[in-house]
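For reference, the structure discussed in these notes is given below.
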Amino acid sequence: MSVNTNTSVRARTRELVQLAWETLLFRHEVYVGHVARADALKRGLMLLVAATLVAGMSSLAINLVSDLRPMSVEAQRQQAAQGVEEFLKSFRTMRDYYDLPPGLEEQIVAYMKAGMEMGFRIEELPTRLPKPVGRVLTDLGAFLSLPFSRMAGWAGYAIWVLLVAKLLGGRATVAQQLGTTALYAVPHVLDILGSVQCLGGIARLVATVWGIAIYVKAVAVANEFSIGRAIVATVVPVLVGGTLALMGSLAMVLFLALASA
Amino acid sequence: MRDSIRTLIQAFFLGEGPYTEMREGPRPALRGLAIVALVGVAVALVGLVGTTLEWATTPNMAEVKKTVLEGLQDMPWYQELRSSPEFREQFRQWYDRGWQIFPRLFGAPDIPTAAVRVVTLPLGLALVWFLYGLLAHIVARMLGGRGGLGQTLGCTALAVAPQLLNVFTFFPYLIVGGIVGTWTLLCRYVALKACHRLTWSRTLAATLLPYVAFALVLGVFGCLGVVVLGLISGGGSQ
């Protein structure tokens, strides 16, 4: 029984990896086959969650190592003092450009030090379970929250894209639209390189552009319309949102200008 | 119970099947109520586990309160004002009052509140489910929907499925966030479509109008509250 279950899980995993790979290569028949399946949303969501967790692994490892590394209170204080020094450097640069009141620098430093001292004292307070347990749980909690945060952004946006697609004559059901557009997350496994200097930024940019291209293709296939319409359906929500935000900002500026006149 | 959980999981994935089954099955409203209550209790119990683990890895809040107070009193602004006994008294009052609100706002683990949620969460979910179902039914019928009230309530009860994501909060410090609300909206759309057999645009209207109605009622009550508070404080100052 358990051998059968293991084989089935392994086969399903292999199938998902295959789907992910062929999605990255924009194989049209794979997209069409995926949309036609009853479990398209389940498979799409599984890939989205898996890609997000893989991408978050490097941050998790870095956080765990830095949180579990034994560090004396004195070393922590030194690190904090370095932070204050760095802040002061940028503050002094700013002072050359702005007319800041005398004594402000000393006041800011005094408050920063008092705040940090408060933080250190709280950090030293005992907890019921050993401190490292709490740190590991906090890091794991943040890591496991990543897929939920990605899902919220993706699903929220997909609703608007689906609405525009419907207005353009799209035929996708909610499950088909979400199941296919979820594939956009696959290239984001590259985000695992995010913490590598220089390379991280490039990897993120490549993942974003690749993800958008997959999103457009997915919208076109799910709605059975052209790539041109899919681009319109994908872009219009951003444009409408951006225009509304711009109008809101302009109205705010106008209101403030009138109020101060 | 196993059947209910399987149905909920299927409903989460937005296929019309489970919603249609609920529509065609016997006593949909009663079954819906049972599902909503089951999800509410399960989510609250699991949340209690997560909160307990967070509590066990967080310092005693009374100690934190004392440490923060000492830290604030060491700051230059407090040193400047501490000579006034009136200020000291007022500060202490505001600090105690703030401490009753802010830790909860910032997610400090609170076991009694998490325990009370075992009762309040199912009740709250049931109330929202009933009010939403009723309003959505009225709108759907006005738009030509064919489902009965019991069928609407049964189908929209399955839209509680995204609450199952909160089951993951047994893991401390995990934040599920806004996805539950967004996914609930999607489930409600599919529920109303399966129940009333409307076109997509009419189903969308039937899904969203109850939200608009809730927002309007909240807005009106909010404005009334501000007016009443203004009258009270205005009357008090005269």
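If you read the protein sequences in the order shown, they are chains A and B. Add 26 to the 1-based position in the first sequence for the numbering used here, that's all there is to it. Add 5 to the 1-based position in the second sequence for the numbering used here, that's all there is to it. Beta carbons: idealized from backbone N, C-alpha and C, even for Gly.
Checklist entry - With a cut-off of 8 angstroms, do at least 3 Cβ pairs link the stretch 154-166 of chain B to the stretch 16-27 of chain B? => result yes
Next on the checklist: Counting only Cβ-Cβ distances shorter than 8 angstroms, please list the residues of the stretch 78-107 of chain A near chain B, keeping chain order.
Outcome noted: none
Next on the checklist: If contacts are defined as beta-carbon pairs under 8 angstroms, then Val165(B) and Trp134(B) qualify, I think. What distance do you get, rounded to the angstrom?
Outcome noted: Residue mapping note: residue 165(B) aligns to position 160 of the second sequence, counting from 1. Residue mapping note: residue 134(B) aligns to position 129 of the second sequence, counting from 1. Going by Cβ atoms, the distance from Val165(B) to Trp134(B) rounds to 6 angstroms, so yes, they are a contact pair.
Checklist entry - Do you know whose CA, among Val225(B), Ser238(B), Leu154(B) and Thr63(B), lies nearest Leu35(B)'s CA? => result Within the second sequence, the letter at position 30 stands for residue 35(B). Nearest of Val225(B), Ser238(B), Leu154(B) and Thr63(B) to Leu35(B), Cα basis: Leu154(B).
Next on the checklist: Classify Ser286(A): buried if its beta carbon has 16 or more other beta carbons within 10 angstroms, exposed otherwise.
Outcome noted: The count along the first sequence starts at 1 and reaches residue 286(A) at position 260. Classification for Ser286(A): exposed.
Next on the checklist: If we define contact as Cβ-Cβ less than 7 angstroms, is Val190(A) a contact residue for chain B?
Outcome noted: One-based indexing of the first sequence puts residue 190(A) at position 164. It does not: the Cβ of Val190(A) has no partner Cβ on chain B nearer than 7 angstroms.
Checklist entry - Does DSSP put Pro215(B) in a helix, a strand or coil? => result Here residue 215(B) refers to the residue found at position 210 of the second sequence. Correct three-state label for Pro215(B): helix.
Checklist entry - Does DSSP put Cys228(B) in a helix, a strand or coil? => result In the second sequence, residue 228(B) corresponds to position 223, counting from 1. DSSP places Cys228(B) in helix when its eight states are reduced to three.
Item to check | Closest by C-alpha distance to Leu191(B), when choosing among Tyr216(B), Ile237(B) and Phe176(B) | outcome: For this step, residue 191(B) is matched to residue 186 along the second sequence. Checking every option, the nearest Cα to that of Leu191(B) belongs to Tyr216(B).
Checklist entry - Given Asp184(A), which residues of its chain have a CB within under 8 angstroms of its CB, disregarding the five upstream and five downstream residues? => result Reading the first sequence from its first residue, position 158 is the one you call residue 184(A). Reading the sequence as shown, one finds Ala at residue 184(A) and not Asp. Gln203, Leu204 and Thr207.
Checklist entry - What does Thr153(A) touch in chain B if you count any residue whose Cβ is under 8 angstroms from its own? => result Within the first sequence, numbered from 1, the residue matching residue 153(A) stands at position 127. Near Thr153(A) (Cβ distances below 8 angstroms), the residues of chain B are Ala61, Thr62, Thr63 and Pro64.
Checklist entry - With a cut-off of 7 angstroms, does the C-beta of Gly20(B) fall near any C-beta of chain A? => result For the purposes of this step, residue 20(B) is identified with residue 15 of the second sequence, where counting begins at 1. Judged by the 7 angstroms Cβ criterion, Gly20(B) is in contact with chain A.
Next on the checklist: I'd like to know if Arg121(A) contacts chain B, where contact means its C-beta is closer than 7 angstroms to some C-beta of that chain.
Outcome noted: Taking the first residue of the first sequence as 1, we reach residue 121(A) at position 95. No - not a single Cβ of chain B is within 7 angstroms of the one on Arg121(A).
Checklist entry - Counting only runs that start and end within the stretch 34-67 of chain B, where is the beta strand (DSSP E) found for 3 or more residues in a row? => result none
Next on the checklist: Whole angstroms are fine: how far does the CA of Phe107(B) sit from the CA of Arg93(B)?
Outcome noted: In the second sequence, residue 93(B) corresponds to position 88, counting from 1. In the second sequence, residue 107(B) corresponds to position 102, counting from 1. For Arg93(B) and Phe107(B), the distance between alpha carbons rounds to 20 angstroms.
Checklist entry - What does a CB cutoff of less than 6 angstroms around Gly267(A) pick up in its chain, not counting 5 residues either side in sequence? => result Position 241 of the first sequence, counted from the first residue, corresponds to residue 267(A). Contacts found: none.
Checklist entry - Ile257(A) lies in the alpha helix (DSSP H); which residues open and close that run? => result For this step, residue 257(A) is matched to residue 231 along the first sequence. Counting along the chain, the alpha helix (DSSP H) containing Ile257(A) begins and ends at Ile253 to Ser286.
Checklist entry - Which one of Gln104(A), Phe251(A), Val91(A) and Thr260(A) has the shortest CA to CA distance from Val187(A)? => result Within the first sequence, residue 187(A) is the residue found at index 161, counting from 1. Taking only the C-alpha atoms, the option nearest Val187(A) is Thr260(A).
Next on the checklist: Taking 6 angstroms as the limit between beta carbons, can you name the residues of its chain near Leu284(A), skipping five residues before and five after?
Outcome noted: Mapped onto the first sequence, residue 284(A) falls at position 258. So the list is empty, once near-sequence residues are dropped.
Next on the checklist: Strictly below 8 angstroms CB to CB, what residues from chain B border Tyr137(A)?
Outcome noted: Walking along the first sequence from the start, residue 137(A) turns up at place 111. Within chain B, the residues near Tyr137(A) are Met80 and Pro81.
Checklist entry - Under a three-way DSSP split, which group does Phe96(B) fall into? => result The residue given as residue 96(B) occupies position 91 in the second sequence. If DSSP states are grouped into helix, strand and coil, Phe96(B) belongs with the helices.
Checklist entry - Under a three-way DSSP split, which group does Val162(A) fall into? => result Within the first sequence, numbered from 1, the residue matching residue 162(A) stands at position 136. Helix.
Item to check | Beta-carbon contacts of Gly226(A) that lie in its chain and below 7 angstroms, excluding the five residues immediately before and after | outcome: The residue you call residue 226(A) lines up with position 200 of the first sequence. Cβ neighbours of Gly226(A) beyond the five flanking positions: Leu219 and Gly220.
Next on the checklist: Using only the alpha-carbon positions, how far apart do Ala87(A) and Gly160(A) sit?
Outcome noted: Against the first sequence, residue 87(A) aligns to sequence position 61. Against the first sequence, residue 160(A) aligns to sequence position 134. Cα-Cα distance, rounded: 16 angstroms.
Checklist entry - Just how far apart, CA to CA, sit Gln243(B) and Glu131(A)? => result Along the second sequence, one-based indexing puts residue 243(B) at 238. Along the first sequence, one-based indexing puts residue 131(A) at 105. Its pLDDT being 47, under 50, Gln243(B) is placed unreliably in this model, and the coordinates cannot settle the point.
Checklist entry - When the distance is taken between beta carbons, is Gly129(B) closer than 7 angstroms to His201(B)? => result Here the question's residue 201(B) lines up with position 196 in the second sequence. Here the question's residue 129(B) lines up with position 124 in the second sequence. Result no, Cβ atoms of His201(B) and Gly129(B) do not sit closer than 7 angstroms.
Checklist entry - Do Met144(A) and Val110(A) have their CB atoms nearer than 7 angstroms? => result As a first step, residue 144(A) must be located in the first sequence, where it is residue number 118. As a first step, residue 110(A) must be located in the first sequence, where it is residue number 84. Not a contact, by the Cβ cut-off of 7 angstroms.
Item to check | Spatial distance of Met324(A) from Gly183(B) (CA atoms) | outcome: The structure shown does not extend to residue 324(A), since chain A is modelled only from 27 to 287, so the question has no answer here.
Next on the checklist: Would Ser252(A) pass as an interface residue toward chain B - the criterion being a Cβ-Cβ separation below 7 angstroms?
Outcome noted: Numbered from its first residue, the first sequence carries residue 252(A) at position 226. So, not an interface residue.
Item to check | Cβ shell of Leu94(A) (< 8 angstroms), same chain only, five flanking positions each side left out | outcome: The residue you call residue 94(A) lines up with position 68 of the first sequence. Contacts found: Pro158, Arg161 and Val162.
Item to check | Cross-chain neighbours of Ala178(A) in chain B, by beta carbon under 8 angstroms | outcome: Your numbering for residue 178(A) matches position 152 in the first sequence. The answer, in chain order, is Gly182, Gly183, Ile184 and Thr187.
Item to check | Burial state of Gln133(A) (16 or more Cβ within 10 Å) | outcome: Reading the first sequence from its first residue, position 107 is the one you call residue 133(A). Exposed is the call here.
Next on the checklist: Going by DSSP in three states, Val165(B) sits in which element: helix, strand or coil?
Outcome noted: Taking the second sequence and counting its residues from 1, the one referred to as residue 165(B) is at position 160. It is helical.
Checklist entry - So, is Thr31(A) buried or exposed, given that buried needs 16 or more other C-beta atoms within 10 angstroms? => result As a working note, residue 31(A) is residue 5 in the first sequence. When all chains shown are included, Thr31(A) counts as exposed.
Item to check | Closer than 8 angstroms at the beta carbon, the chain A residues around Gly153(B) | outcome: Translated into positions along the second sequence, residue 153(B) becomes position 148. Going along chain A, no residue has its Cβ under 8 angstroms from Gly153(B), so there is no contact; the nearest lies around 24 angstroms.
Checklist entry - Closest to Val121(B) by CA distance: which of Asn65(B), Phe176(B), Val51(B) and Pro81(B) is it? => result Mapped onto the second sequence, residue 121(B) falls at position 116. The candidate whose alpha carbon is nearest that of Val121(B) is Val51(B).
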